[in-house]
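Trainee: According to this note's numbering, the sequence shown holds residues 4 to 254 in order. Don't be surprised by glycine CBs; every beta carbon is placed ideally from N, CA and C. Just so you know, these numbers come straight off a predicted model, no measurement behind them.
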Amino acid sequence: RFMKRGVNEKGRVANDVETEQIVFEDTPDDIPSQITSVVQHRGSIPLVWFQETSRLNIRPEITLKSDVDYKATRLHFENLVLRYGNPIVILNLIKTREKKPRESLLRAEFAKAIHYINKGLPDDKRLKFLHMDLSKLSRRKGTNVLGLLNKVASDVLELTDLLHCEITISSKPLDASSGQGSCDIKINDDFCAATMVPLLLQKGVLRTNCIDCLDRTNVAQFAYGLAALGRQLHVLKLTEEPKIDLHDPLA
């Protein structure tokens with residue numbers, strides 16, 4: 004992971020992963036089937052930075068390079084908007100303070116970049132930047148880190164919502180005139196007609212990062228997935244409440 008870091012001049016980050024969580028109601032043919040989906044994203048910190056690899060140093064120094072007007076960072080978020088729409092919510096989990104600044108250098112520069120980019124955007128399209136020093140929070144006695152992340156996840160889901168579709172599957176051939184939302188799907192080597200009616204649409208995405216997009220990001224994405232699962236089961240009318248307790252067997 005030390006070989007490629009940050010963002011290139013085209014706005015592409017070294018680590019870029021989309022995760023889709025799908026929950027559906029499986030029913031017999033010709034009876035509406037409901038499908039829900041939530042997409043979240045993880046990606047490297049979109050600044051121009053690198054680390055020199057060394058067998059003797061397991062924590063190599065972080066070097067930041069100048070990016071005039073944060074062009075590469077801006078291109079990265081413009082690409083996310085094209086892919087997911089607005090709002091783009093950034094959950095940044097790196098350290099805020101360190102005895103010897105490493106991650107904290109990126110944290111400060113990342114905040115500056117978002118502030119600079121947002122100055123050129125209308126209010127309804129501005130990037131939403133959330134920061135949680137997960138390392139510090141996890142060391143604080145009595146802190147329920149998963150509970151805090153679950154609260155953040157619930158708030159973000161209020162902004163982005165989720166995809167909820169009703170699908171009717173029929174053994175009849177597809178009628179080309181059936182209009183938007185109709186398609187062919189393959190079941191057991193046979194093609195059947197399907198009509199899809201979107202009841203809810205996801206708008207925007209949560210983008211999570213730590214320094215490596217590994218352990219801390221995994222924890223945050225688990226919390227988001229759990230919060231999303233609660234809502235997905237609820238819209239499918241499989242649960243009475245849209246939340247899943249952290250001690251629930253489903254968690």
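Is it true that the CB of GLN235 sits closer than 8 Å to the CB of ILE26?
Mentor: It is Val, not Ile, that sits at residue 26 in the sequence shown. Against a cut-off of 8 Å, the Cβ pair of GLN235 and VAL26 comes out as a contact.
Trainee: Measure the C-alpha to C-alpha separation of LYS128 and PRO90 and round it to an integer number of angstroms.
Mentor: 6 Å
Trainee: Which partner residues does ILE117 have in the DSSP bridge list?
Mentor: Answer is none; ILE117 lacks a bridge partner.
Trainee: My output table needs one value for LEU2: the three-state DSSP class, helix, strand or coil.
Mentor: In the structure displayed, the chain extends from 4 to 254; residue 2 sits before or after that span and is not available.
Trainee: Given that a residue counts as buried once 16 or more other Cβ atoms are within 10 Å of its Cβ, and exposed if not, what is THR146?
Mentor: Exposed, because fewer than 16 other Cβ atoms sit within 10 Å of the Cβ of THR146.
Trainee: By how many angstroms is the C-alpha of VAL84 removed from the C-alpha of HIS44?
Mentor: 12 Å
Trainee: Taking the alpha-carbon positions, what's the LEU165 to GLY233 distance?
Mentor: Across the structure, LEU165 and GLY233 are spaced so that their CA atoms are roughly 11 Å apart.
Trainee: So LEU50 packs on ILE93, CB below 8 Å; how close in whole Å?
Mentor: That belief does not hold up - the Cβ atoms of LEU50 and ILE93 are roughly 12 Å apart, past 8 Å.
Trainee: Going straight from the alpha carbon of ALA231 to that of LYS115, what length do you get?
Mentor: 30 Å
Trainee: Pick from LEU209, ILE172, ASN121: whose alpha carbon is nearest that of PHE225?
Mentor: LEU209
Trainee: Within its chain, find whatever has a CB closer than 8 Å to the CB of THR242; leave out the 5 residues flanking it on each side and keep chain order.
Mentor: GLY233, LEU236
Trainee: Can you list, in chain order, the residues of its chain with a C-beta nearer than 7 Å to that of LEU202? Leave out the 5 residues immediately preceding and following it.
Mentor: HIS167, CYS168, GLU169
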